[in-house]
Every structure is written in C-alpha cells, then in structure tokens.
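Down below is the structure, laid out as structure tokens.
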Amino acid sequence: MAVQALAPRSEPVRVMKDPLGNSFEYCYQCGLCTASCRTAFAMKFTPRQVMNLLQLGCEDEAAASGSGMLCTACYSCTFRCPRGVAVTDMMAAIQRLNIHRKHADRDIRRFYLSFMRTVERHGRFHEIEFMTRYFLPNPLLLRAELGVGFHLLTKGKISLNPAGVKNTKAMAAMFHKAEEIEGRL
Amino acid sequence: MVVPSNNWEPTIVGFLCNWCAYQGADLAGTSRMTYAPNVRIVRVMCTGRIDPTFVLKAFQSGADGVIVAGCHPGDCHYSEGNYKTIRRVTLLRKLLSQMGIDPERFRLEWVSAGEGAKWAQIADEMSAAIKAKGPLAWWETLKEA
Amino acid sequence: MAESKNDVRIGVYVCHCGSNIAGTVDVDDLTSFAQQQGSVAVARNYKFMCSEPGQALIKKDIEELGLNRVVVASCSPRMHEPTFRRVCEDANLNPYQLDMCNIREQCSWVHKSGATGKAKALVSAAISRAYYLQPLERREVLVTPAVLVVGGGIAGIQAALKVAEAGHKVYLVEREPSIGGHMIQLDKTFPTLDCSACILTPKMAAVKAHPDIELMTYSEVVDVQGYVGNFRVTIRRKPRYVDESLCTGCGICQEKCPWKADSEFDCGLGQRKAIYTPFPQAVPNVPVIDPEHCVYIQKEGKCGACLKFCERGAIDFTQKEKMVDVEVGAIIVATGYDLMDPSAISRLGYKRFPNVITSMEFERLCNATGPTGGHITIDGKEPKSVAIIHCVGSRDEKYHTYCSRVCCMYALKFAHLIGEKIEGAQVYQFYIDMRCYGKGFEEFYQRASSEAVNFVRGRPAQVTDFAMTPEEKGKLVVVCENTLVGRPVRVPVDMVILCPAMEPRADAKEVARRFNLSQSADGFLLEKHAKLDPVATANDGVFIVGCVQGPKDIPDTVAQGLAGAAEALALIEKGRVELEAATAFVNEAACSGCKICVSLCPYSAITFSETEKLSHINEALCKGCGVCVAACPAGAIVGRHFTDQQILAEVAALLVDTRPATVAV
Amino acid sequence: MSYVYYPGCSLTGTARECEESIQSVMRFLGVKWTELEDWNCCGAAVATGVSYLLSLALPARNLALSEKTEADLVTGCSRCYLNLIRAQHYIQHNANLKRDVNAVLAEAGIQYAGTARLRHLLDVIINDVGLDTVAEKVTQPLSGLQVAAYYGCCQGMWTYAQFDSTEDPTCFDRLLAALGAEVVYYPLKQACCGGTLSMSKRAVGAPLIGDLLLAAIAVEADCIVTACPLCTFNLNSFQNEAGRAKGTKFNMPVLFVTQLMGLAFGLPPKTLGLHRNVVPPDPVYRKIAAGAAASSAEAVASGTK
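Chains as they are written, first to last, in our numbering: chain R, 22 to 206; chain Z, 8 to 152; chain A, 2 to 666; chain S, 1320 to 1624.
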C-alpha cells in the first residue's frame, strides 16, 4: 500500500471558526463525540476522525466521506466535548462542503437543495413542491415513501396549498444576499 | 484639541497590588500570553494604598485610561484593603465626572495571582475600549481652565 | 531629604536575560535612553544581570562611581529583588535604594511590538522613583520555635514527624476523628503493590508516640493572626464526648452501641456505630460520638449504652466545643483534596446503578478490612467483567481541565488486583492516554499489559442498562469509540469503576482566606513559584504541601511533606526573622487627631493618644499595606518605600512620552 | 405575561395533530397568545448543510419579528427552538455575525436587535402555568398508565439547558406525574430519533427508531410521550420500517405531550388531533378507562368501609 503524503495544511473554511465553541484544533481525539453519536456506526469516518482529518488539512477527504451527511445535529457531541469543540458545527461545515463541492450522492444533495429552494420561494416549507422537486428526478425514491405518504394524505396532514410569507421577493433577496456575503464554498 | 492620528495608541496606567494583580500580570508573562502594550504598570503593596490623587495625577500626566487591579474581595493580603478601595473608587468616579473625565476611562478590576489570562484579557479590552474613545489629553482641558 | 540634587547618582542596569528580553526589547536603545535621564551616572546592559559577573558589575560601579541608587531593569521583582538587594548590601548600599523595573514578565514576554517603547517608559518611571528612595532599616524579631501542621494525611504526618525529629514542637491539627487521610483508605499502592495501611500505620503510631507532637484530631483551625515567625492560631476542638485521657480504646462502647450509620471511611458501603473509631488502626484510638445518630444526644438521655458499659467512665456527654490558642513560627498547610462526586456526570450512571462505583469505593471493596472483607462483590455478586473508566471529570473543560495524575496508575493496579482475586475476570481500561511517567510506572504498565487486560482507547459517553443484544441483558453497557480502530463499541460488563478527578477541597476558598493564600485557576492553592519555590507561598512562613497544591501521588506528596518540614525548620533554626521595613509612620506635626486611620488599620497597629491628641503607629505590627496613608486627610502618614512623592514621580515619568514636549506638568 | 406563538412548518403540516392539541390544551389552561405575524421557516435541520449564514438569518428573521411585539416568543417544535436559540446565542457572541445577519435581514427591511425572549412550550407550561395548576385541572387522572417520557435530543441539550439540567432533565417527568401518569424509567430518553435521516437515509434512521421503541417495550411502557413534533412524526410513521430493521413488529402508541395532557383534562380526542396519529392510541384509551374504573371501584370500596 502506498503511503499517502499529508496535504499541506490550508486555511480552514471561514465558517468552521465557530463563535460558540472551540474549533477542531482543540480536539485531543478522545472519541467522546463518536461515543455520543447515534449515527457514527454508519459513518466512514467517525466524528473524531473527521476532526483529525480537519486538523491535518484533509477537509476534502472528510467531506467526500459523506460522514457529515449522517449528522442529525442532536448536539450531544458539542455539549459533551471535553475540549469545548463545536463538533456539530464542524460536521455541518463538511456537510456544506459535501453538498457544494458535489461529493454527495445526487439524491441527498437534491434533498437539501430542494428543501431550501421551497423555503426560498415561499418563506416556509411546502410539502407538495418539495416532494415534486425531490422525487421527480428519481421516482424510485417515492416507492419507499408510499406507506408514509399514504398515512399523511389520509390523515389530512399534507396541505395542498400552504401559506407562505407575505413578501416572497424579500425572502428571495435574503437568500441572494446571504450567498453574496458568504460565497459558495 | 488633540486630533488623533490614524496610528494613535492610548496609554493606560495600571495600579496593581503586589499580592494578586501584579502576580497575575507576572503569570501572564511566564505563560507567554500576548496582549496590548498600552498598559503600564505601577506596583503598590495594596490597592488600599491608592490615593485618588494618584489616579488624577495619571490623567493629568497624559494617561488616557487608568486601571486599578487588586485581589478579589475577601482575598486581600491585608484582610480588607480592597474593601476600602471599593468605597474610595465610588467617590473617585463621581469626582472624575465632575472634572469632565468620562468615568469609563477608569476601571477597578479583581485579578488573582492565578488569573494571568484574565489580566491579559482586561489589558486588551481596556486598550480597545480607550482606543475607541480617543485621546483624553486632559492637560489641554486643564490649560484652558 | 538631606541630599541635594547633585548628590543623587543612579546606576541603571538593563538585563538581556539571554534573548528573553533582548529578543523583543532593543536593549542598546533602552540603555542609551536611560543614560540620558537626569541623575543617571551610568547605564549599562549585560547578558544576565543576575549572574556572578552581572552582580559584580553593579557592585564595582557602586564602589567606584559612588552610586547611591540602583535601578535594575530585568525580570519581576518577585524573582530577583532579593538578589539585587544583597548586591547593594554587599557594596555597602542600603538595599532599599534599589528599584526593580519589570521589563520581562510585564513587557518583553507579553508584547510582540511596542515593547521597547513601553520599556523606556517603565525605566524612566523607575529612575524617577529611585531618585526619591530612602534608606530603610531592617528589623528582626525572634521566631517562635514551634510549627503548626494542618491536615493529618500522609503529607501532614510526614512533615510533622520530620519537624519533631529535629526537636521542635509540632501541633498537628486534623478535622477527622483520626489521622491517616486518603492514604489509609487505600488498599495497595502502585507500582510496588505494598499495602497502604502497612506502610502508613507505623508513621501514624510514631506521630502519637512522639513527645514533641501535640495531636489535635476532630479539630479545625478557625483563625490565624500574626506574621511569619510569630503566628497566633485559634483551633476549634469539637466535642468527642469521649475523654481522651481516660479511654483505653477497648472498643466495648462500639460493640454495645445499638445505633448505626453509613461509614464515611468505607464510602458508605459499610456501616459504623453512632460511637465509633473510623477504622481499627485509628490514631488516636479513641472513638467519637456522632451527635446526629446518637440517640442519647438526639432524645435527651434515652439509651446511654456506652455510658453503662465503659468501665473507665470515659464517656462524657457534657463535653463542649473548645477554642485553643497556640503560638507557632511557621505553618504547614496539608489539607489535601476531595474526590469529585461523579454523579455530576449523570450519563455515567453513578448512583443510578449500584454496580457503578468510584475508585475509592473499589479500594474499600478490595481491602481486607473493608465492608466485604476484601471480596470484590456488590450485593453479594462477584463481577466477571469490569470496566475502568479513566479521566472522569479530569481533562475535561466542563469539569476540571487538568490531569489528575494518579488515575492511569491506580487503574492498572485495579486491573491487577481484580485479576488476582477473580479467576478469569475480564477487565477493560477505557483510557485516553496512558500517563505512566514515574519511577517504575512504565514497568508496571508493561506488567499489567501482560495480564489479560483489555485496553480500549476512548472516552465513554455513557453507561447504560439498555440492552441491544441478548449478551447485554442484565449487564451494564459501556458506550464508547474504540478510537484506534475508529469504530463505536458497546462493552457489556458486570461492574464499572469510575476514576473521578482529584479536586480542591470544597472549602479550599475558606482555607485560602484563613491562611492568606491564593488559589490558582484550578482552585488548588498557589505556590510561590511553580518550579523553584514549590511549597512556599506568597504569605511568608506558610507552606503548602501535598494535594492541597494539586493532584499528586504518594511519593510526590511525601517529598513535599519533607520539603515543607525543611522550610519550616530553616525558619525556626535561624531563630530570627526580618520584619517588613516598608512600614508607615505618623508625621506628628501634621496629624490633626481625626482618628480616621485608627479604625482602618487591619492589624490594630494604630493607637490614638488622648493626651497628645495624636495617632501612633506600632511598627512591629504594621505590615505596610498603606491603607492609612491613602486615607489620612492631613497627609500626615508616610508609607515608607511607597511614599506619595515616590509614586507621583513614578506616574509622571511613566507617561513622559505621552505629552507634547511643550506641556509642563 | 404576553406571548406570540411560532408554530413552524411541521406543526402546520405533517405534525398537525401536535398543533391541534397544543392549541386546545393552551386554550384550556387559559394561556392567550397570537400567532407570530408573517413567520418563516427556521431552516429545519437542512439550512446548516447549505448555508451557515442562512441557518442563522432565517431564525433571526422570526426573532426580529417577535421583538416588535415585545412578547415572549413561544414555540412547540424542538427543532425550531433549537435553531432560534442557536441563532440568538451565536449572534449575541459574535459582532461580525450580527453584522452579516442584519445585512441579510435588511433585504427584508428588518433588523435583529438581540432583545427577543425565546420560550419553549414546556417551559411556559411548567414554569408559567405551573405544575400545581396543571394538576388541579386534571379531571381524568392517568393513574395506571405507564408512560415513557421521551425528551429527545436537542431538547435535552439545548432546550433543557435553559430551565433544567442539560444531561439529566426531569421536568417532563414531573409534568407527566402531575397528570397522574406513572412515568417509567426510560433509558433512551435523550437519544436522538435520527431526525431527517428517517427520510434521507432510511437504512441508518430506521434502526435508531427501532431502538427507541424496543427500549419502551422493555420498560413496559403503554406509550411513548414526546416533546418534539419531529420525534412524534418519526416514531409514529416509521414503525413498520423500524420493525423490519429490528426483525419485529411494532405497534407502540406515540403521543405528543399536549395530546396526553388533553386526555387528562378530559378534552375530546378529536380536538387533540388523536385521530390523525399513525399508530392508533386505542390501548392508551383502554388503559385510562381501566384506571378510572379501578379508582372509582376503590372509592366505592373505601366508602362502604
């Protein structure tokens, strides 16, 4: 097996420097985050390993692993971290890298972007529109959701024309402004 | 009127008690913490020694801000010197406003011998706060009066 | 001042401190700046001013150039003021004619830029203050040749024995009914595995037997007055309800007492009587009556079994709390540590599950004199698998940031003991880093590694009874990441031992105040210098030894106990101690007799003479805090070495660069 | 005390039963509020994965709207609460973020000052209404009903940090006990339900739900009571999938907290949205009725004595 050279450490993306807690530099690899995580079992790299990859400047490798996509943002890791690392925010950061650098599985990527798109258009979540955007390109996904969808419909839990915010233009402008300030990663 | 130049830096005098705050400042040094060089320290044995005229003298001599730092209440090396300071400082603040000095240019802080980081933080905060306020140049006021 | 302006000749000495100062401050620039200041006869810089040649340089200048003030711009006065004062003295210059200018701790070490400018201001201030410095007289008083040791754990025991061996009186004060501290609760000690009680009890007995040690157990220090060499200490002696002089320690009272309570000594795992000695080898071997559980005390006279059975009539319910005053020259504080209560970290299940226990509880379970007679059992069941969780509350900024230093080693010891006592037991060590830094420690780690111990590198998140597989049914499951493999693991076990942090005593703050000491950021008491003065404190004559200063193992604690004894002995053997020279005095001509100063003095050093209508300061009592100086409305009180004149000159010079040159202040 | 109520998207859609019960119960308790005018989506669990700034600006818009009303902003959805409090906290501690967020909000003509007072529904019920008042209003005590109080994850971490213990909150237990229910020890009370993974990554999400249900069965709970609409949705909707993942079949009633409160107050099930629950809560009804019968029989027995 070839020994891989570590990438030179780059300036970590701005948003990883989180205001609430410490950044990944503080991590001392105890694994309490992983142990507190209900989805770590399914991750290629556990949260602790993600912190290590970030420390070593391998953020693309961390993002591509898809581990960030399994974070449910339950904040257990962040609240418990003995070094005060804002682990959840670090995971969210690699989630963003994963989506914006197109590492993600197309369906999952579409899940995120469709959701945000409906919010951008209406200011609120719009089930029917979201489902259309999400399921239409890959109707196979729909099959798995038939049971749930049936329940939701019959129990009257999907409104066909939900209300949105009054000024949808202003909402879209907020989205654009955010993108302008942040840039895409 | 003194117009601050772009690279104007405030000068702050710190009166620190020998037992807590001065040691705390030493600890910041031994721990190699970096902080703004604007604070210049005068060592006194106890903050209780600080005569309000010292503070006025500092402002008069060109200080833009003054910090008095001593042991936490209850921890005074001389039992209760810092309680006397608290009382004196209340009067001093009134005096400063009467004399046209923004009382926020004066601070009383508690720094224990173990709180090097706290001292560094206070020095940084105070420097930034005074920098935002601009030069005091009290001697100008005194000249006019 | 008798000197005229031309008589003042100041020498300024700028230290490079290798590159510690010279790396940041332009020392040549600073020296020529100093040279230009008024009354400066000479300014020099040198690599290490505190070295022999550096000192010689100053001495030579004082002698040859007739310097009468010296300014040393170097490290904190807390480091080398004594050194340079001695240099002055050697050259026949009064040591109080020296001023130290701190350009290291408070300048070169903390500033990246602007350090030279600040150093100039500081040096200029020091020169101006030095100009007004006056010679002071050093006074000496005799030292009371006795030592107070507070705390009867291994640190205090060791210190007390050593001082007494040197032939001096020791008062050993212990809060609990017996001396022994935490060490007497331990089973075996790492890495040699000798029995803790076996090595400690001879020392405890020696304390009891030593004619120069006055042992006061069940007692607490409530007040400390005075100063180095002459402390006056008030000790509260709680009522034992047993006359120590009559009791023979036969134990019949404990046998007959019908009332029980949880044993503190056994961490609540076993019981004791309402009249009890905490453990069989207690020193003194005199029981105490716990008033909360004694029915005679609670219900006014009902019961009295102990009274009836004590043949010596040693039971004395009329005993009252007593205050005792002692006078000592030095104080050794050895009040130890508390073990953190891990129920604060509720997810680890302590107090929820009976088979989650602390390390100290395990020591008692393992001990032959413990509640189970040395059998490792909970509710009669012997565990076949045990998890040991390291760093509980240590290395965790939510609780204690520091490492508790002993847990790795005793965890290895536990694994060994479990292996010895339970055939085929599986032991899992959940660790973050193994820290085996002491003599023989790594060897012990090696030995333990060969004894079928499973090492799992990871900090567990949870101890749960929720079973996800049939194997986990009825077990405690430790949820962790095996970080070396990068996989979450669930380890079912029968018993979990938590290794809680060693933390400052709950009353550390009060203790610090009582003895006029400081606490470091972690809450432990603060030593004078972390490396070079580890047991002395900012309060001269008071020394801190053992875990009161920070977590330590037994050898380090013992070494500190001995160090504290050496410090105390050095003080006592010298027999004299220098008093503060920088005291205050009243300028009688200016005193208006307002008496404001009298009530302000914390040492009652100021008296008012009704006949003269003047205040007087007793300089033997004055500590030089200066509160009265600042308060005197007539400006009649002068605080030596920190006079108004000196401080005002210092302040003005400190700011000399901040004003336009034309402004005269 | 005046309140504005922020329902959030789930409560107006997939978690309609929660919303109906919240409204009925709060009306019954005499709590008056108005809906936050022109509220928007808080970003759910998705915004952080797309834009850091939006994940703060979206909730900040709602906070800013509530500031104008000067009333306490109440939400019954834990995820909304989390996003709102996170935004509040981060913006408060970082001046640069506040600047950026307000630059985004300026596009909608509003600014966030930082004075909003955020409250969780449970906080209002427990601390403003009070457990004594709740207990007094109970007409149908839930005696004999064994409930597992499921606090949920961000509930335990962020929400309870505001008015209860972070690691081991007990307020939910106390509330349910005030209703007369028997709160069983539930070992997974703070384990995450998997959030949106039930939809985006079924293979990971379903077993997590399965464990929660198994744990409730193991402690012999008659139902799970939740404090979060998303937990309610997950635990109700994916019992079949969870069952497949765990090789069993589940039929565990899962009630939102105000649904159970409503039952104890004797409110009609229909007004509590109970007919919309995926898993029919019939066993819960039966248990409550049995408990009532037993206690009235006891009352008769003690009367004849």
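A virtual CB, placed ideally from N, CA and C, is assigned to each residue, including glycine.
Inspect the beta-carbon positions of residue i and residue j and report whether they are closer than 8 Å.
i	j	result
Val-124(A)	Ala-42(A)	no
Thr-1394(S)	Gly-1327(S)	yes
Phe-363(A)	Phe-431(A)	no
Asn-1359(S)	Arg-59(R)	no
Leu-518(A)	Val-536(A)	no
Ala-1546(S)	Ser-1397(S)	yes
Ala-199(R)	Ser-1370(S)	yes
Val-1423(S)	Met-195(R)	yes
Ile-108(Z)	Leu-143(Z)	yes
Val-578(A)	Val-150(A)	no
Ala-1497(S)	Val-1448(S)	no
Asp-554(A)	Arg-436(A)	no
Met-50(A)	Cys-16(A)	yes
Val-118(Z)	Gly-31(Z)	yes
Asp-623(A)	Thr-659(A)	According to the sequence as given, residue 623(A) is Cys; it is not Asp. No. Outside cutoff.
Val-75(Z)	Val-96(Z)	yes
Thr-1367(S)	Ala-94(R)	yes
Could you work out which residue in the options is closest to residue i when comparing CA atoms only?
i	options	result
Asp-1541(S)	Val-1369(S), Lys-1387(S) and Tyr-1604(S)	Tyr-1604(S)
Glu-1389(S)	Val-1365(S), Ala-1432(S) and Ala-1525(S)	Ala-1432(S)
Arg-348(A)	Val-479(A), Asp-29(A), Val-599(A) and Gly-636(A)	Val-479(A)
Ala-449(A)	Leu-572(A), Asp-224(A) and Pro-192(A)	Pro-192(A)
Val-1523(S)	Tyr-49(R), Leu-118(R), Asn-43(R) and Ala-61(R)	Ala-61(R)
Phe-354(A)	Ala-335(A), Asp-466(A) and Arg-458(A)	Asp-466(A)
Pro-178(A)	Asp-62(A), Glu-581(A) and Thr-278(A)	Thr-278(A)
Leu-1549(S)	Ile-1404(S), Gln-1411(S), Lys-1520(S) and Thr-1515(S)	Thr-1515(S)
Pro-136(A)	Leu-499(A), Lys-510(A), Arg-641(A) and Thr-218(A)	Arg-641(A)
Val-1597(S)	Phe-151(R), Ser-180(R) and His-172(R)	His-172(R)
Ala-23(A)	Asn-95(A), Ala-116(A) and Met-324(A)	Ala-116(A)
Arg-122(R)	Thr-67(R), Ala-83(R) and Asn-159(R)	Ala-83(R)
Leu-1392(S)	Ala-1583(S), Leu-1416(S) and Arg-1436(S)	Arg-1436(S)
Cys-102(R)	Cys-248(A), His-401(A), Pro-240(A) and Met-184(A)	His-401(A)
Thr-25(A)	Lys-60(A), His-112(A), Gln-56(A) and Ala-44(A)	His-112(A)
Glu-581(A)	Met-80(A), Arg-139(A), Leu-68(A) and Asn-69(A)	Arg-139(A)
Asn-286(A)	Leu-649(A), Thr-202(A), Leu-162(A) and Leu-366(A)	Thr-202(A)
Under 8 Å between C-beta atoms, does residue i make it to chain B?
i	result
Asp-1530(S)	Although the question refers to chain B, the structure presented lacks it and instead comprises the protein chains R, Z, A and S.
Near-chain A residues of the region 1493-1523 of chain S - C-beta to any C-beta below 8 Å
Flagged, chain order: Pro-1506 and Leu-1507.
For the region 86-96 of chain Z and the region 36-48 of chain Z, state whether three or more C-beta atom pairs, one from each stretch, are separated by less than 8 Å.
Counting C-beta pairs closer than 8 Å gives fewer than three between the region 86-96 of chain Z and the region 36-48 of chain Z, which falls short of the contact rule.
Interface residues of the region 75-109 of chain R facing chain S [CB-CB below 7 Å]
Of all residues in the region 75-109 of chain R, the ones placed with a Cβ closer than 7 Å to any Cβ belonging to chain S are Leu-91, Thr-93, Ala-94, Cys-95, Tyr-96, Ser-97 and Phe-100, in chain order.
Hey, is the region 1331-1340 of chain S in contact with the region 1583-1597 of chain S, meaning 3+ C-beta pairs nearer than 8 Å?
With the cut-off at 8 Å, the region 1331-1340 of chain S and the region 1583-1597 of chain S touch.
Ignoring anything shorter than 4 residues, give me the alpha helix (DSSP H) runs that lie fully in the region 1474-1511 of chain S, in order along the chain.
Note on the region 1474-1511 of chain S: whole alpha helix (DSSP H) runs with a minimum of 4 residues are 1479-1482 and 1490-1497, in chain order.
Sufficient close CB pairs (3 or more, under 8 Å) joining the region 321-329 of chain A to the region 225-241 of chain A:
Yes, since at least three Cβ pairs between the region 321-329 of chain A and the region 225-241 of chain A fall closer than 8 Å, the two stretches touch.
Mind the definition here: the region 148-164 of chain A touches the region 244-263 of chain A only if three or more C-beta pairs lie below 8 Å; say whether that holds.
The region 148-164 of chain A is not in contact with the region 244-263 of chain A.
Go through the region 45-78 of chain Z residue by residue and report every complete run of the alpha helix (DSSP H) that reaches 4 residues or more, in order.
Counting only runs of 4+ residues, the alpha helix (DSSP H) found wholly inside the region 45-78 of chain Z occupies 59-67, in chain order.
Does the count of Cβ pairs from the region 42-60 of chain R and the region 69-77 of chain R closer than 8 Å reach three?
Yes: at least three Cβ pairs fall under 8 Å.
Any C-beta of chain S within less than 9 Å: which residues of the region 156-188 of chain R qualify?
Listed in sequence order: Ala-165, Glu-166, Gly-168, Val-169, His-172, Leu-173, Lys-176, Gly-177, Lys-178, Ile-179, Ser-180, Pro-183, Ala-184, Gly-185, Val-186, Lys-187 and Asn-188.
Could you check whether the region 236-247 of chain A touches the region 302-321 of chain A, counting it as contact only if at least three pairs of C-beta atoms, one from each stretch, sit closer than 8 Å?
Yes, the region 236-247 of chain A is in contact with the region 302-321 of chain A.
Could you check whether the region 447-461 of chain A touches the region 481-489 of chain A, counting it as contact only if at least three pairs of C-beta atoms, one from each stretch, sit closer than 8 Å?
Touching, yes.
Any alpha helix (DSSP H) of 4 or more consecutive residues that is wholly inside the region 60-116 of chain A:
With a minimum length of 4 residues, the unbroken runs of alpha helix (DSSP H) contained wholly in the region 60-116 of chain A fall at 78-91.
Hey, which unbroken runs of the beta strand (DSSP E) at 3 residues or more fall wholly within the region 279-345 of chain A?
Entirely contained in the region 279-345 of chain A, the beta strand (DSSP E) runs reaching 3 residues are, in chain order, 323-329, 331-334 and 338-340.
Closer than 7 Å between beta carbons: that is the criterion. Which residues of the region 475-490 of chain A meet it against chain R?
Listed by position, the residues of the region 475-490 of chain A near chain R (Cβ gap below 7 Å) are Val-480, Cys-481, Glu-482, Thr-484, Gly-487 and Pro-489.
Could you say if the region 1579-1590 of chain S and the region 1341-1357 of chain S meet the contact criterion of at least three C-beta pairs nearer than 8 Å?
Verdict: yes, contact present.
Is the region 290-298 of chain A in contact with the region 521-531 of chain A, if contact means three or more CB pairs nearer than 8 Å?
No contact exists between the region 290-298 of chain A and the region 521-531 of chain A.
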